[in-house]
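See below for the structure under consideration.
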Amino acid sequence: MSAPAVRTGTPRRRITAAAWWIAVVAVSVLTVFPLLWTVITSLKPAGDILSGSLELIPRTVTVENYTRVMTEVPFARYFLNSLVLAVGGVVLNLFFGSLAGYAFARMQFRGKRALFVTLLGSLMVPGIVTMVPSFLVLRAIPLAGGNNLIGQGGVGLLNTYWAIILPGAAGAFAVFFMRQFFSSIPAELGEAARIDGASEFRIFAQVYLPLAKAGAAVLAILTFQAGWNNFMWPLIVLNVQEMWTVQVGLASFVTDYQTDYGPLMAGTVITSLPVIVLFIFAQRYIIEGVAHVNAR
Amino acid sequence: MTTTAPAAPPGERARTRSAPPLGNRPSRQWRIQERWAWAFVALPMALFAIFVVIPAGMALVMSFTSYSVIGESQWLGLENYRRLFLDPYFFIALRNTAWYTLMFVPLGLVVALATALLLNRNVRVSALFRTFFYIPVVSSTVATATIWYWLLNPQFGMLNVALGWFGIDGPAWLYDSQWAMPAIVLMSVWAGFGTNMMIYLGGLQGIPPQLYEAARIDGATWWQQFRYITLPSLSRTTFLVSTLLVIGAFQVFDQAYVLTKGGPANSTITLVYYVYTQGFGNLEMGYASAISFVLFAIIAVFAVINARVTGKDNT
Numbered sequence: 549m550s551a552p553a554v555r556t557g558t559p560r561r562r563i564t565a566a567a568w569w570i571a572v573v574a575v576s577v578l579t580v581f582p583l584l585w586t587v588i589t590s591l592k593p594a595g596d597i598l599s600g601s602l603e604l605i606p607r608t609v610t611v612e613n614y615t616r617v618m619t620e621v622p623f624a625r626y627f628l629n630s631l632v633l634a635v636g637g638v639v640l641n642l643f644f645g646s647l648a649g650y651a652f653a654r655m656q657f658r659g660k661r662a663l664f665v666t667l668l669g670s671l672m673v674p675g676i677v678t679m680v681p682s683f684l685v686l687r688a689i690p691l692a693g694g695n696n697l698i699g700q701g702g703v704g705l706l707n708t709y710w711a712i713i714l715p716g717a718a719g720a721f722a723v724f725f726m727r728q729f730f731s732s733i734p735a736e737l738g739e740a741a742r743i744d745g746a747s748e749f750r751i752f753a754q755v756y757l758p759l760a761k762a763g764a765a766v767l768a769i770l771t772f773q774a775g776w777n778n779f780m781w782p783l784i785v786l787n788v789q790e791m792w793t794v795q796v797g798l799a800s801f802v803t804d805y806q807t808d809y810g811p812l813m814a815g816t817v818i819t820s821l822p823v824i825v826l827f828i829f830a831q832r833y834i835i836e837g838v839a840h841v842n843a844r
Numbered sequence: 135m136t137t138t139a140p141a142a143p144p145g146e147r148a149r150t151r152s153a154p155p156l157g158n159r160p161s162r163q164w165r166i167q168e169r170w171a172w173a174f175v176a177l178p179m180a181l182f183a184i185f186v187v188i189p190a191g192m193a194l195v196m197s198f199t200s201y202s203v204i205g206e207s208q209w210l211g212l213e214n215y216r217r218l219f220l221d222p223y224f225f226i227a228l229r230n231t232a233w234y235t236l237m238f239v240p241l242g243l244v245v246a247l248a249t250a251l252l253l254n255r256n257v258r259v260s261a262l263f264r265t266f267f268y269i270p271v272v273s274s275t276v277a278t279a280t281i282w283y284w285l286l287n288p289q290f291g292m293l294n295v296a297l298g299w300f301g302i303d304g305p306a307w308l309y310d311s312q313w314a315m316p317a318i319v320l321m322s323v324w325a326g327f328g329t330n331m332m333i334y335l336g337g338l339q340g341i342p343p344q345l346y347e348a349a350r351i352d353g354a355t356w357w358q359q360f361r362y363i364t365l366p367s368l369s370r371t372t373f374l375v376s377t378l379l380v381i382g383a384f385q386v387f388d389q390a391y392v393l394t395k396g397g398p399a400n401s402t403i404t405l406v407y408y409v410y411t412q413g414f415g416n417l418e419m420g421y422a423s424a425i426s427f428v429l430f431a432i433i434a435v436f437a438v439i440n441a442r443v444t445g446k447d448n449t
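Just so you know, the sequences run in chain order X and V.
According to the working numbering, the stretch in the first sequence is residues 549 to 844, in order.
According to the working numbering, the stretch in the second sequence is residues 135 to 449, in order.
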């Protein structure tokens, strides 16, 4: 055992340690600096952005870009839309995900296996395959958006919050995630409660659900992030500007403000802020959640 | 499609698996549990059926028709699929997507593994750096794209300025048909490696330390340890990560939409971007469905090949 210790003598170990520090700091600069630079650029007045693009400390600090973003485009409205959609998605996914996830993990019923396999299989179908028909399904919802009884004549649920919330309400991922979590809670707990005469719903709500809080928290964070960052589906189903989300708004911004980097960067900061703040507060859960889900 | 209907076929497997755990349990209680279970899954599964299963079936049917929202829809048989093979834009999109995948998957794999190796140390600060490394994942692809839109500015962007320090005259990136796709690849790797790094970290932590101890006693170098212990132990993880990367790569859309709108000179039209413009731009939804099924088939084929190559001895 002493041989390897001699081999990695102090000078060599020090070089390794120094190399390690240089490497991790270098990668951190690559990952964090672009975000920092975005914030810095967003605080510079229009005249300084290009001429002093590399100045890390702005000559003059201004919030002009932020006021422009808020007044020239309805960014506050986009923000509200995104918030409603992301929170709605979290609530419904937690609710449906735990109900169905629990049933798949801890209850017996005919057809369970077939259903679960279908659910898992759907995770492998590229999203784009179902987008065109889902759009048509939403458009043909009867009696909504000027539609008649057979779903003709109007736009159905397009351009409403429902167009985002309903298709994403019971995500296969949420069901799968909660099922994995409930499976790790011993079945004996439920059996004991069942012998005591508790109803199936009480077993779920009072025995299992409180034990799944940690899993639910991770799912809530991941769902919020995914909902907030979602781009393609809102782009497709929300065609009136007042219904746009921050992501769709920001994307159209790039087209309209091509070289107006100030407002563009201010919009980027506003768009990223909620998820970055959430990440800072919940990073332990997020990182563990990511590792946890994928390890299975 | 009928698999989600309540009357799903019981099947022998389901029967035996669903036997109540305590053997001679009265069947009344078993029936009650089944009724509750259905109450639990009914609504989520109904939504799943309406927005996933039925649309997938509809897409398949539509791919054989000329459906276009307005006007009459005709049954075309395989016409859409034949049209695909004569459509130069389809092949441009296919080539671009393949090119993106070819660059993105190996680069994404190497970066994720390298950063995971870097952070796989039992020092407190590695948790801090883990957070720093992970931060790009948090932002949306749209926000990431706008950040890179600024970073990649040919004159004032950070990237070309930094290249200038080394005497390199950086290309015009997004404005150059040669460099637009590599720029998008670079951005996507930056934005996404954190997740895969986490998966690799999980894999690394599962390797028993005794293996390394034994190797060190035998005088194995760092490289030998990596080559003969780390890599083989991670083959399962590599299989998972590469599958995720390939599936993601074939569906690239957001970046191409925000940054380049498919240009310059069609060099960043991807398959999903093409489905989007055909389906929702030109309203050729039948044709768009056919393209999306071809994409589905390509992904399925790659997933199988990948399983053969990387996951041969561990699945």
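Quick reminder that beta carbons are idealized off the backbone N, C-alpha and C, glycines included.
The structure presented is a predicted model; accordingly, all values stated were derived computationally and were not measured.
Helix or strand or just coil, what does DSSP make of residue i?
i	result
residue 199 (chain V)	strand
residue 585 (chain X)	helix
residue 306 (chain V)	coil
residue 673 (chain X)	coil
residue 567 (chain X)	helix
residue 430 (chain V)	helix
residue 282 (chain V)	helix
residue 311 (chain V)	coil
residue 145 (chain V)	Confidence is the limiting factor: at residue 145 (chain V) the pLDDT is only 39, short of 50, which leaves the residue's position unreliable, though a coordinate-based value still follows. Helix at residue 145 (chain V).
residue 443 (chain V)	helix
residue 330 (chain V)	helix
residue 592 (chain X)	coil
residue 352 (chain V)	coil
residue 609 (chain X)	coil
residue 402 (chain V)	coil
residue 395 (chain V)	coil
residue 341 (chain V)	coil
residue 793 (chain X)	coil
residue 384 (chain V)	helix
residue 777 (chain X)	helix
residue 680 (chain X)	helix
Please name the residue or residues paired with residue i in a DSSP beta bridge.
i	result
residue 209 (chain V)	V:199
Please say whether residue j and residue i have beta carbons closer to each other than 8 Å?
i	j	result
residue 377 (chain V)	residue 440 (chain V)	yes
residue 768 (chain X)	residue 252 (chain V)	no
residue 402 (chain V)	residue 314 (chain V)	yes
residue 677 (chain X)	residue 818 (chain X)	no
residue 655 (chain X)	residue 173 (chain V)	no
residue 626 (chain X)	residue 797 (chain X)	yes
residue 594 (chain X)	residue 810 (chain X)	yes
residue 827 (chain X)	residue 272 (chain V)	yes
residue 781 (chain X)	residue 679 (chain X)	yes
residue 196 (chain V)	residue 423 (chain V)	yes
residue 327 (chain V)	residue 249 (chain V)	yes
residue 766 (chain X)	residue 833 (chain X)	yes
residue 632 (chain X)	residue 756 (chain X)	no
residue 348 (chain V)	residue 359 (chain V)	no
residue 608 (chain X)	residue 596 (chain X)	yes
residue 168 (chain V)	residue 658 (chain X)	yes
residue 719 (chain X)	residue 703 (chain X)	no
residue 795 (chain X)	residue 779 (chain X)	yes
residue 812 (chain X)	residue 278 (chain V)	no
residue 637 (chain X)	residue 716 (chain X)	yes
residue 667 (chain X)	residue 182 (chain V)	yes
residue 309 (chain V)	residue 342 (chain V)	no
For the candidate residues the options, whose alpha-carbon lies nearest to that of residue i?
i	options	result
residue 372 (chain V)	V:413, V:187, V:354 and V:239	V:239
residue 383 (chain V)	V:412, V:312 and V:407	V:407
residue 323 (chain V)	V:289, V:389 and V:356	V:389
residue 683 (chain X)	X:606, X:589, X:564 and X:784	X:784
residue 316 (chain V)	V:256, V:241 and V:302	V:241
residue 290 (chain V)	X:759, X:653, X:559 and X:601	X:601
residue 261 (chain V)	V:247, V:350, V:432 and V:335	V:335
residue 641 (chain X)	X:808, X:735, X:824 and X:726	X:726
residue 736 (chain X)	X:712, X:751, X:670 and X:611	X:751
residue 722 (chain X)	X:619, X:685, X:790 and X:670	X:670
Is the beta carbon of residue i within less than 7 Å of some heavy atom of the ligand ADP?
i	result
residue 617 (chain X)	As presented, the structure is devoid of all ligands, the ligand ADP included, so that no description of it is given.
Completely contained alpha helix (DSSP H) runs for the region 727-760 of chain X, where each covers 4 or more residues | Listed in chain order, they are 735-743.
Any alpha helix (DSSP H) of 4 or more consecutive residues that is wholly inside the region 682-721 of chain X | 710-716, all fully within the region 682-721 of chain X.
Let me know the alpha helix (DSSP H) ranges lying completely inside the region 239-286 of chain V, each 4 residues or longer, listed in chain order.
-> Counting only runs of 4 or more, we get 259-272 and 275-285.
Entirely within the region 170-197 of chain V and at least 4 residues each: give me those alpha helix (DSSP H) ranges in chain order.
-> Correct list: 188-196.
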